[in-house]
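Participant: In our numbering, the protein residues as written are 16 to 175.
For every residue, glycine included, the Cβ atom is placed at its ideal position computed from N, Cα and C.
Below you will find the structure I want to go over with you.
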């Protein structure tokens, strides 16, 4: 099995997300990332789905997606040129001033941003590709990660 990135333009209507995710789950595919949002046209949403699948069966799913009335277009971004981003918030233990200063140094060195400072923790925000997100998590892990929340991957085809 391989990771595939599928983008679909769909009608922005009730139930479309459930129908599309149902196509994947009915075939036993684990959706590892799913992001949905309105496009420049409020009547159209863009879904970016990252899924582990067999290429042959994924082709069948793409054909079935294209048959759904609410689906406008399906793109397989996997082998092509695309730009992708993800957003992460990481809450890190920071009970002492020394630890806070070290976390600030990590954040400054990566280009991330501190978005909240509490009595016992600091919350860090980062956006970027998968490698940038993973690198930040590994740099913060030694300080004690209390919580992580991530958006799904979003991606656009490149004009290159």
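For residue 124 and residue 107, I'd like the C-alpha separation in whole angstroms.
Facilitator: When rounded, the distance between both Cα atoms is 16 Å.
Participant: Can you look up residue 117 in the DSSP assignment and give me helix, strand or coil?
Facilitator: helix
Participant: Just to confirm the assignment: which complete beta strand (DSSP E) runs, minimum length 3, are found wholly within the region 90-170?
Facilitator: Qualifying beta strand (DSSP E) stretches, in chain order: 97-108, 128-132, 136-143 and 160-165.
Participant: Using the rule of at least 16 other Cβ atoms within 10 Å of the residue's Cβ for burial, across every protein chain shown, is residue 16 buried or exposed?
Facilitator: exposed
Participant: Determine whether the beta carbon atoms of residue 109 and residue 158 lie at a separation below 9 Å.
Facilitator: yes
Participant: Return the chain-ordered ranges of every alpha helix (DSSP H) run that is complete within the region 19-100 and spans a minimum of 4 residues.
Facilitator: 31-41 and 70-82
Participant: Whose CA, out of 131, 102, 155 and 134, lies closest to the CA of residue 50?
Facilitator: 102
Participant: Take residue 111 as the anchor and find which of 20, 134, 86 and 154 has the nearest alpha-carbon.
Facilitator: 134
Participant: When you compare the region 25-32 with the region 85-97, are there three or more beta-carbon pairs, one atom per stretch, that lie closer than 8 Å?
Facilitator: yes
Participant: If we ignore side chains and look at the alpha-carbon of each, how far apart do residue 95 and residue 161 end up?
Facilitator: 37 Å
Participant: On the three-state DSSP scale, how would you describe residue 17?
Facilitator: strand
Participant: Leaving aside the five residues before and after residue 93 along the sequence, list all residues of the same chain whose C-beta is less than 6 Å from its C-beta, in chain order.
Facilitator: 19 and 20
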